[in-house]
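The sequence shown begins at 500 in the working numbering and counts up one residue at a time.
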Amino acid sequence: MADERALDEVVTFTSDLIRIDTTNRGGGDCRERPAAEYAAARLAEAGLEPVLLERTPGRTNVVARLEGTDPSADALLVHGHLDVVPAEAADWSVHPFSGEVRDGVVWGRGAVDMKNMDAMILAVVRAWAREGVRPRRDVVIAFTADEEASAEDGSGFLADRHAHLFEGCTEGISESGAFTFHDGDGRQLYPIAAGERGTAWLKLTARGRAGHGSKVNRENAVTRLAAAITRIGEHEWPLRLTPTVRAALTELAAVYGIETDLTDVDALLDKLGTAGKLVESTVRNSANPTMLDAGYKINVIPGEAVAHVDGRYLSGAEDEFRATMDLLTGPDVDWEFQHREVALQAPVDSPTFARMRAAVEEFAPEGHVVPYCMSGGTDAKQFSRLGITGYGFAPLKLPQGFDYQALFHGVDERVPVEALHFGVHVLDRFLRTA
């Protein structure tokens with residue numbers, strides 16, 4: 500079990516990393532290097548030999564390998580990103596980059612997404628160095644840049660240009676799994692991610708005839724675009740169940756003593772109540788209009804109007820997504836991918852998933868571990884190019900009423916100190932047996 504120093508360090512590291520502003524505004528506007536240097540220094544102090552890698556100056560990644568005792572075993576990738584989304588200080592109770600520890604809680608941008616996990620990794624590795632622990636299999640540690648945008652300067656760059664650093668890795672773990680989900684009826688669920696929907700960020704362009712705002716215009720680009728995004732926003736996507744989602748529904752139904760009727764999934768989700776929220780966003784593809792840009796003066800009809808759509812598709816359903824977008828945009832609106840990444844599937848009957856389950860159950864015996872599919876995506880998409888199967892496993896034990904998922908990219912992001920301690924214990928337990 501991790502020592503007391505590791506429990507102190509995970510809090511210190513989380514706070515320190517939060518204070519290093521690594522806001523990723525997109526378009527290359529970010530500088531992760533100070534956080535990368537901090538993480539690399541902590542690894543070096545534990546006897547590792549981290550390398551710092553950049554595609555673009557200041558957009559720094561860190562990779563280190565901890566050798567295991569069994570050279571014939573496949574290696575495990577443990578990764579976390581260093582960048583965070585923007586935060587408007589005026590909206591927060593504390594400054595988002597203060598890293599303040601108050602009343603047993605660490606506050607700041609990145610507290611749950613995902614400098615907490617970065618800190619857990621550092622704390623565990625350093626505890627092992629003090630104890631002389633070596634894992635069974637090689638553990639490759641990666642702290643990445645640019646996850647909150649395209650990952651071109653981060654995991655994408657590492658996978659494409661530095662694949663040799665991940666030699667032997669067949670599986671990986673990262674964010675968004677093994678956290679406490681309170682169902683409101685006294686049950687505690689611990690969902691472990693074994694899949695991700697694919698990413699399809701789209702740019703829609705409508706073209707028409709520019710003209711005076713007072714004149715009749717049957718080729719108004721704004722009208723054409725508005726009609727298309729209305730169709731997209733109102734579209735009812737058909738049900739599509741992946742193996743991970745089927746497993747999630749089956750295990751959740753067992754927890755609640757409900758018959759697993761996959762012929763009427765919407766009814767099953769209703770019966771699951773609050774727990775259905777873990778699954779409801781991953782039983783279908785989705786497309787949500789998010790941005791609009793048209794015109795430059797109120798009395799001028801522009802010749803072009805642009806919209807952006809956040810699309811997500813399930814494993815095996817990309818062709819359906821493309822065909823549906825062709826249909827919904829119609830003949831007067833073109834669409835293209837601004838960013839596209841694959842959907843992922845990971846087996847829930849693997850030895851690795853069983854070990855993750857066991858690690859959580861050891862420290863949260865009252866909990867129910869279930870698989871689930873992420874509605875969004877992580878760096879696991881890029882690392883999948885190297886044949887690495889990704890799981891979401893960043894353990895946190897959270898109190899009743901703590902809305903973990905709402906704090907991702909939300910105001911007053913924070914993480915309880917006790918949750919970090921739990922995470923260190925569970926991560927330590929899993930990695931020792933992995």
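Beta carbons: idealized from backbone N, C-alpha and C, even for Gly.
Note that the coordinates shown come from a computational prediction; the quantities given were computed from them, not determined experimentally.
Exercise. Would you say the segment 676 to 690 touches the segment 567 to 584, given that touching needs at least three Cβ pairs under 8 Å?
Worked result: Below 8 Å, too few C-beta pairs join the segment 676 to 690 and the segment 567 to 584 to call them touching: fewer than three.
Problem set entry | Ala-804 beta carbon less than 7 Å from that of Val-721 | Yes, Cβ-Cβ distance for Val-721 and Ala-804 is below 7 Å.
Problem set entry | Whole runs of the beta strand (DSSP E) within the segment 841 to 928, excluding any shorter than 3 residues | As far as the segment 841 to 928 is concerned, its whole beta strand (DSSP E) runs of at least 3 residues are 867 to 873, 888 to 891, 913 to 915.
For this session: Have a look at Glu-860 and Phe-596 and give me their C-alpha separation to the nearest angstrom.
Result: Cα to Cα, the separation comes out at about 34 Å.
Exercise. Under a three-way DSSP split, which group does Phe-678 fall into?
Worked result: It is a strand residue.
Problem set entry | Whether Asp-659 touches Gly-653 by CB criterion (7 Å) | Contact: no.
Problem set entry | Inside the segment 737 to 772 only - alpha helix (DSSP H) runs reaching at least 4 residues | Complete alpha helix (DSSP H) runs here, min 4: 742 to 755, 764 to 771.
Exercise. Any contact of the segment 701 to 715 with the segment 800 to 814, i.e. 3+ C-beta pairs under 8 Å?
Worked result: Yes, the segment 701 to 715 touches the segment 800 to 814.
Exercise. Candidates Trp-627, Val-605, Ser-592: which alpha carbon is nearest Glu-566's?
Worked result: Answer by Cα proximity: Trp-627.
Problem set entry | Terminal residues of the alpha helix (DSSP H) in which Asp-441 lies | Because residue 441 is not part of the residues shown, which for the chain are 500 to 933, the question remains open.
Exercise. Roughly how many whole angstroms lie between the Cα atoms of Pro-850 and Thr-932?
Worked result: Rounded to the nearest angstrom, the two C-alpha atoms are 10 Å apart.
Problem set entry | Of the residues Met-873, Ala-858, Gly-712, the one placed nearest Gln-844, counting alpha carbons only | The residue with the shortest Cα to Cα distance from Gln-844 is Met-873.
For this session: Take Leu-827 and list the residues in its own chain whose beta-carbon comes closer than 7 Å to its own, dropping the five residues that flank it on each side.
Result: Counting only Cβ-Cβ distances below 7 Å, and skipping sequence neighbours, we find Ala-727, Arg-730, Ile-731, His-734.
Problem set entry | 4 or more residues per run - each alpha helix (DSSP H) lying fully within the segment 609 to 691 | For the segment 609 to 691, whole alpha helix (DSSP H) runs of length 4 or above, ordered along the chain, are 614 to 630, 654 to 660.
Exercise. How big is the Cα-Cα spacing for Phe-882 and Val-611?
Worked result: In a straight line, the C-alpha of Phe-882 is about 22 Å away from that of Val-611.
Exercise. Relative to the C-alpha of Lys-770, which residue among Ala-572, Thr-781, Ser-780, Tyr-755 is closest?
Worked result: Out of Ala-572, Thr-781, Ser-780, Tyr-755, Tyr-755 has the C-alpha closest to the C-alpha of Lys-770.
Exercise. DSSP beta-bridge partners for Arg-601?
Worked result: Answer is Val-604.
Exercise. Val-509 by DSSP, collapsed to three states: which one?
Worked result: Val-509 falls in the helix class under three-state DSSP.
For this session: Alpha carbon to alpha carbon, how far is Leu-621 from Arg-541? Give it in angstroms, no decimals.
Result: Roughly 7 Å separates the two Cα atoms.
Exercise. The alpha helix (DSSP H) spanning Thr-722 covers which residue range?
Worked result: That run of the alpha helix (DSSP H) goes 720 to 733.
For this session: Please look up how many angstroms separate the CB atoms of Ala-935 and Tyr-890, rounded, as I've assumed it's under 8 Å.
Result: What is shown of the chain runs 500 to 933, which leaves residue 935 out entirely.
For this session: Please go through the same chain and pick out, in chain order, the residues whose beta-carbon is closer than 6 Å to the beta-carbon of Arg-867, but skip the five residues on each side of it.
Result: Residue identity check: residue 867 is His in the sequence provided, not Arg. If we look at His-867 and ignore the five residues flanking it on each side, its Cβ neighbours are Leu-688, Val-754.
For this session: Following the continuous alpha helix (DSSP H) through Tyr-537, name the residue where it begins and the one where it ends.
Result: Run containing Tyr-537: 532 to 544, per the alpha helix (DSSP H) assignment.
For this session: Specify, as a first and last residue, the run of the beta strand (DSSP E) that Glu-553 falls within.
Result: Counting along the chain, the beta strand (DSSP E) containing Glu-553 begins and ends at 550 to 553.
Exercise. Candidates Ser-649, Val-639, Thr-781, Arg-854: which alpha carbon is nearest Tyr-812's?
Worked result: Looking only at Ser-649, Val-639, Thr-781, Arg-854, the smallest Cα-Cα distance to Tyr-812 is reached by Thr-781.
For this session: In angstroms with no decimal places, state the Cα-to-Cα distance between Ser-814 and Arg-839.
Result: For Ser-814 and Arg-839, the distance between alpha carbons rounds to 13 Å.
Exercise. Would the segment 559 to 576 and the segment 655 to 672 be scored as touching if the rule is three or more Cβ pairs under 8 Å?
Worked result: With contact defined as three or more Cβ pairs closer than 8 Å, the segment 559 to 576 and the segment 655 to 672 are in contact.
For this session: Within its chain, find whatever has a CB closer than 8 Å to the CB of Ala-774; leave out the 5 residues flanking it on each side and keep chain order.
Result: Within the same chain, Cβ atoms closer than 8 Å to the Cβ of Ala-774 are found at Phe-680, Asp-682, Arg-686, Leu-688, Leu-751, Val-754, Tyr-755, the five residues on either side in sequence being excluded.
Exercise. Would you call the segment 593 to 609 and the segment 884 to 898 touching, i.e. three or more CB-CB distances under 8 Å?
Worked result: The count of Cβ pairs closer than 8 Å, one atom from the segment 593 to 609 and one from the segment 884 to 898, stays below three, leaving the stretches out of contact.
For this session: Return helix, strand or coil for Lys-714, following the three-state DSSP convention.
Result: Coil.
Exercise. Is the Cβ-Cβ distance between Val-624 and Leu-576 less than 7 Å?
Worked result: Contact flag unset, no.
For this session: With DSSP collapsed to three states, give me the class of Gly-579.
Result: Of the three classes helix, strand and coil, the one that applies to Gly-579 here is strand, per DSSP.
Exercise. Nearest-angstrom Cα distance between Thr-555 and Val-605?
Worked result: About 31 Å.
Exercise. Does the distance from the C-beta atom of Lys-614 to that of Thr-743 stay below 7 Å?
Worked result: Taking C-beta atoms as the reference points, Lys-614 and Thr-743 fail to come closer than 7 Å.
Exercise. Is Ala-786 helix, strand or coil when you go by DSSP?
Worked result: In this structure, Ala-786 counts as strand in the three-state DSSP scheme.
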